[in-house]
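S.K.: Numbering-wise, the sequence shown is residues 0 to 341 according to numbering that gives the first Met the number 0.
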Amino acid sequence: MGGVTFGANTSEPSDVILTDFNSVLVYDIVSNTAATVTTFGDIPPHRLGYSTVNGPDNRSIVMFGGYIAGENQTHTAVDTDIYVLDTCTLAWSKKSIKGSAPPGMFGHGAVNINNYMVVIMGKKDDNNYNRLVYILDMNNWKWVTSVDAKSLMDTKTTSISECKFNLPNVTDTTFVQFNYDLSVLQNPLAPTKDDDKSKKEGFGIGFGLFALILIGLGLYYYYRRISRRKASFLNPRWMRTMSSSRKGDGRDYPLFVYNKELDSNNPNNPYRPTPAAAFASHNVKTYTASDHEQWEQQINSDIHNDKNSISQDIWKRMRSLSNDEETATQASHPQTRKILDA
Numbered sequence: 000m001g002g003v004t005f006g007a008n009t010s011e012p013s014d015v016i017l018t019d020f021n022s023v024l025v026y027d028i029v030s031n032t033a034a035t036v037t038t039f040g041d042i043p044p045h046r047l048g049y050s051t052v053n054g055p056d057n058r059s060i061v062m063f064g065g066y067i068a069g070e071n072q073t074h075t076a077v078d079t080d081i082y083v084l085d086t087c088t089l090a091w092s093k094k095s096i097k098g099s100a101p102p103g104m105f106g107h108g109a110v111n112i113n114n115y116m117v118v119i120m121g122k123k124d125d126n127n128y129n130r131l132v133y134i135l136d137m138n139n140w141k142w143v144t145s146v147d148a149k150s151l152m153d154t155k156t157t158s159i160s161e162c163k164f165n166l167p168n169v170t171d172t173t174f175v176q177f178n179y180d181l182s183v184l185q186n187p188l189a190p191t192k193d194d195d196k197s198k199k200e201g202f203g204i205g206f207g208l209f210a211l212i213l214i215g216l217g218l219y220y221y222y223r224r225i226s227r228r229k230a231s232f233l234n235p236r237w238m239r240t241m242s243s244s245r246k247g248d249g250r251d252y253p254l255f256v257y258n259k260e261l262d263s264n265n266p267n268n269p270y271r272p273t274p275a276a277a278f279a280s281h282n283v284k285t286y287t288a289s290d291h292e293q294w295e296q297q298i299n300s301d302i303h304n305d306k307n308s309i310s311q312d313i314w315k316r317m318r319s320l321s322n323d324e325e326t327a328t329q330a331s332h333p334q335t336r337k338i339l340d341a
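1) Check this for me: beta carbons of Arg-111 and Val-29, under 9 Å apart or not?
2) Taking three-plus beta-carbon pairs below 8 Å as touching, is the region 77 to 96 in contact with the region 47 to 60?
3) Between Ala-189, Ala-68 and Arg-223, which has its C-alpha nearest Ile-42's C-alpha?
4) By a C-beta neighbour count over all protein chains shown, 10 Å radius and 16 as the cutoff for buried, is Phe-209 buried or exposed?
5) Helix, strand or coil for Phe-5, going by three-state DSSP, please let me know.
6) Would you kindly check if the distance between the Cβ of Pro-101 and the Cβ of Trp-142 is under 9 Å?
7) Could you tell me the boundaries of the beta strand (DSSP E) in which His-107 lies?
8) Under a Cβ-count criterion, where at least 16 other Cβ atoms within 10 Å of its own Cβ denotes burial, should Gly-201 be classed as buried or exposed?
9) For Val-169, collect the residues of the same chain with a Cβ closer than 8 Å to its Cβ; drop the 5 residues on either side in sequence, then sort them by chain order.
10) Considering only DSSP beta bridges, list what Asn-127 is partnered with.
11) Given that a residue counts as buried once 16 or more other Cβ atoms are within 10 Å of its Cβ, and exposed if not, what is Leu-233?
12) If you draw a straight line from the alpha carbon of Asp-27 to that of Thr-172, how long is it in whole angstroms?
13) Identify every residue that forms a DSSP beta bridge with Asp-80.
14) Would you call the CB atoms of Val-67 and Tyr-179 closer than 9 Å?
15) Check whether the Cβ atoms of Phe-20 and Thr-32 lie closer than 9 Å to each other.
16) With the cut-off set at 9 Å, would you say Lys-97 and Ile-81 are in Cβ contact?
17) Quickly, what does DSSP pair Met-116 with across the bridge? List them, please.
18) If we ignore side chains and look at the alpha-carbon of each, how far apart do Asn-114 and Lys-163 end up?
19) Looking at the secondary structure, which residues open and close the beta strand (DSSP E) in which Lys-141 lies?
20) Going by other Cβ atoms of all chains shown within 10 Å of its Cβ, with 16 needed for buried, is Thr-18 buried or exposed?
21) For the putative contact between Gly-40 and Ser-50, defined by C-beta atoms under 8 Å, what is the C-beta separation to the nearest angstrom?
22) Does the distance from the CB of Lys-122 to the CB of Gly-108 come in under 9 Å?
23) In whole angstroms, what is the alpha-carbon distance linking Val-83 and Met-116?
24) Can you tell me whether DSSP reads Lys-94 as helix, strand or coil?
25) Taking only beta-carbon atoms, is Gly-103 less than 9 Å away from chain D?
26) Determine the closest residue to Asn-126 out of Asn-165, Gly-205, Phe-206 and Gln-72, with distance taken between C-alpha atoms.
27) If distances are taken between C-alpha atoms only, which option among Leu-135, Asn-139 and Met-152 comes closest to Ser-145?
28) Count the other CB atoms, across all protein chains shown, that sit within 10 Å of the CB of Thr-191; report buried if there are 16 or more and exposed otherwise.
29) Beta-carbon separation of Leu-44 and Val-77 under 9 Å?
30) In this structure, does DSSP put His-74 in helix, strand or coil?
31) Using CA coordinates, which residue listed in Val-52, Ala-148, Gln-176 and Ser-182 is at the minimum distance from Ile-119?
32) Would you identify the three-state DSSP class for Asp-147, choosing helix, strand or coil?
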């Protein structure tokens, strides 16, 4: 996989081109046949001078490092991402790696020791060699700075992966043409455009249903809010069990509900009805703010127009109570009386 090759239609040395990782050459050691097959997934960018080791699952290839050739035979190290190729499906994946990654390097070597990828030698750029050893824990996908020596001892029995990639039949598959190879076989395990279209359509339908649910919930809560707001403005005076002489007055909010003929503590009340009749809907009245204002206006009118009105009598009694309290205070405190006389 990767590397350089001649163009698909020439063998001239000047026509050497880079091969990418959109396809890999597969060799079946059982049938002794080989074919170039397309890959899919998180395909890494093209590079040279990279390193690979066997993966911890005994079915994948782990790739690290490499360089991109520039003008005048210069080399630029690629990023430090780790790419894994599943040999049973030819699917690429990009791993999320923890720990402190080494600098980009190329021309280095790597080996798998008990699922530790040990990276040595190589160059960081055209003028600086790598003099350190870097270790990638492939069980946890983390760069580590130290390991237990016992963990590097080969005590495990290498297991063989049970999966196998079967080369597609050339008479039953489609050929894919690249500028470096015109005979690449289409991977039968790769998702097709119809699969992608179905996924997109399924996503669109799911997103549409989710949006409709959100809109429905929003309308429901909006309706409840409006209903509560209307209910909060409902004046008890307008309820069926309560009478009203006027509507539309902004001062007609209720203060309390009463029955003027009900006086349970007064046995001499000739109008005292039974409890059931007392709370009948035609006996219950609502005392509102406008009623209170009318009562105050009536009191003021009585004060100015009738000196012998009930309100005047009430005020006289209140003044007499105040005078009696003052007389009692002076009698109990004669010194205060002297001060007032002075």
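Cβ atoms here follow ideal geometry from the backbone N, Cα and C, with glycine treated the same way.
Predicted model, so just to flag it, every value in this text is computed and none were measured.
M.R.: The structure says:
1) In the sequence as presented, Arg is not what sits at residue 111; that position holds Asn. Not closer than 9 Å, so no.
2) yes
3) Ala-189
4) exposed
5) strand
6) yes
7) Careful: His-107 lies outside any beta strand (DSSP E) and carries neither H nor E.
8) By the neighbour-count criterion, in which a residue is buried when 16 or more other Cβ atoms sit within 10 angstroms of its Cβ, Gly-201 is exposed.
9) Ala-34 and Leu-184
10) Paired residues: Asp-124.
11) Unreliable positioning characterises Leu-233 in this predicted model, as indicated by a pLDDT of 47, which lies under 50. The coordinate reading is nonetheless provided below. Exposed, by the Cβ-count rule.
12) 18 Å
13) The secondary-structure analysis by DSSP pairs Asp-80 with nothing; it has no beta-bridge partner.
14) This sequence places Ile at residue 67; Val is not what is there. Cβ distance not < 9 Å, so Ile-67 and Tyr-179 don't count as in contact.
15) no
16) no
17) Asn-111 and Leu-135
18) 21 Å
19) Looking at the DSSP string, the run of the beta strand (DSSP E) that includes Lys-141 is 141 to 143.
20) buried
21) Actually they are not in contact, since the Cβ atoms of Gly-40 and Ser-50 sit about 20 Å apart, beyond 8 Å.
22) no
23) 13 Å
24) coil
25) Judged by its chain identifiers, the structure shown contains no chain D, having just a single protein chain.
26) Gln-72
27) Leu-135
28) exposed
29) The question names Leu, yet the displayed sequence has Pro at residue 44. Closer than 9 Å, so yes.
30) strand
31) Val-52
32) For Asp-147, the three-state secondary structure derived from DSSP is coil.
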